[in-house]
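Going by my numbering, the first residue of the sequence shown is number 7, and it counts up by one from there.
Okay, structure first, notes after.
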Amino acid sequence: MFVALIGTAIVAHFVYDVSQYQPLSVMPSQPPSAELPFGSDTQGRDLFASVARGTVLTLGIGLIAGGLGLLIGGTLGFISGYFGGWVDTTIKLVVDVLLTVPALLVLVIVASAVGELPPMGMAFVIALLAWRRPARQIRSQVLVLRNAGFVQTARISGCGPFTIIFKEILPNLLPFLAASFTVAVSAAILASVGLEALGLGSQNAPTLGMTVFWMMNFSALMLGMWWWVLTPIAVLIILFVSLYLITAGLDELANPRLRRRA
């Protein structure tokens with residue numbers, strides 16, 4: 007599903023006029039037809055062009071924010087879990103305190119203060135808090151592996167801490183990190199859609215969240231424009247279900263117990 011969705015969105019950029027996501031590009035309030043596969047909204051946006059462009063932009067936000075969150079959280083998690091002591095105590099305390107902070111509230115405040123956010127700006131704002139959970143989860147994994155036999159052998163052989171982290175511990179955590187990245191991408195996409203649905207995104211960027219915002223702002227359901235409601239919601243459902251299935255597969259790869267149960 008994921009490959010089909012993203013593939014369709016990318017191919018559409020070459021075989022379809024995706025510039026029609028702009029207002030007044032087509033006749034407004036048109037139901038789906040041969041010319042407009044997903045219809046148009048009240049402002050004359052081609053909804054197929056909007057979701058084709060919006061899927062790429064929204065996924066880009068998720069990849070950047072999720073990647074930054076995992077990079078920062080992973081770095082802190084490895085350092086905290088391997089070195090222990092006051093370093094571990096300090097990092098753990100900071101993470102635990104920040105995990106009590108409601109992320110959406112902070113993101114709304116930051117986004118409101120910054121103003122209208124383009125997709126790249128949205129990704130960086132979301133990344134501000136995207137590292138907390140990966141830091142805790144990766145720390146837990148490193149705490150288990152740092153006392154493993156192969157790590158002890160490397161330590162006795164004279165390997166330094168960072169050599170052990172990169173050559174011994176990291177390779178064993180790659181499936182877990184891949185699953186964590188997929189979860190981080192899903193969470194970042196959900197956060198971006200939430201912020202944009204509140205009107206905090208760029209009004210010139212046809213992200214899926216902004217398509218939802220315009221749909222709610224112009225009361226598409228009250229106007230009987232079911233295609234306007236269905237289009238972004240269906241794409242988001244497919245996107246989240248696809249990412250969930252990828253995460254489940256990576257979890258099974260990372261956890262031998264799940265494979266044995268299957």
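Ideal Cβ positions, reconstructed from N, Cα and C, are used throughout, including at glycine.
Rounded to the nearest angstrom, the Cβ distance from I132 to S198 is 6 angstroms, consistent with a contact under 8 angstroms.
Within the same chain, E202, A203, L204, G205 and G207 come within 8 angstroms of F219 by CB-CB distance, once the 5 residues on both sides are set aside. Annotated three-state conformation of D52 is strand, per DSSP.
Rounded to the nearest whole angstrom, the C-alpha separation of I70 and P37 is 35 angstroms. Distance check between A226 and each of S35, V21 and F44 places S35 closest, using alpha-carbon atoms only. The C-beta separation of I67 from W137 comes to about 16 angstroms, leaving the pair out of contact by the 8 angstroms criterion.
Minimum Cα-Cα distance from P125 among the listed residues L111, T213 and M228 corresponds to T213. In the three-state reduction of the DSSP assignment, L206 falls in the coil class, being assigned neither a helical nor a strand state.
By the CB criterion at 9 angstroms, G80 and L180 fall outside the cutoff. Counting the other CB atoms within 10 Å of its CB gives F172 a total below 16, which places it among the exposed residues.
A straight line joining the alpha-carbon of F156 with that of E174 spans about 8 angstroms. Proximity to D102 across L110, R139, F130 and L134 peaks at R139, based on C-alpha coordinates.
If you draw a 10 Å sphere on the C-beta of F20, you find fewer than 16 other C-beta atoms in it, and that means exposed.
The Cβ atoms of T217 and V57 lie closer than 9 angstroms to each other.
V100 sits away from L134, with the two beta carbons spaced by 9 angstroms or more. F168 counts as exposed, since fewer than 16 other C-beta atoms from the protein chains shown sit within 10 angstroms of its C-beta.
Around the C-beta of V148, 16 or more other C-beta atoms lie within 10 Å, and the residue is accordingly described as buried. Here DSSP, grouped into helix, strand and coil, assigns L123 to strand. Beyond the five residues adjoining it in sequence on each side, W234 comes within less than 6 angstroms, by CB distance, of D47, M221 and A226 in the same chain, given in chain order. Collapsing the DSSP output to three states places S163 in coil. Residue pairing of S46 in beta bridges, as defined by DSSP: D52. V191 sits close to L65, with the two beta carbons spaced by under 9 angstroms. Collapsing the DSSP output to three states places S25 in a helix.
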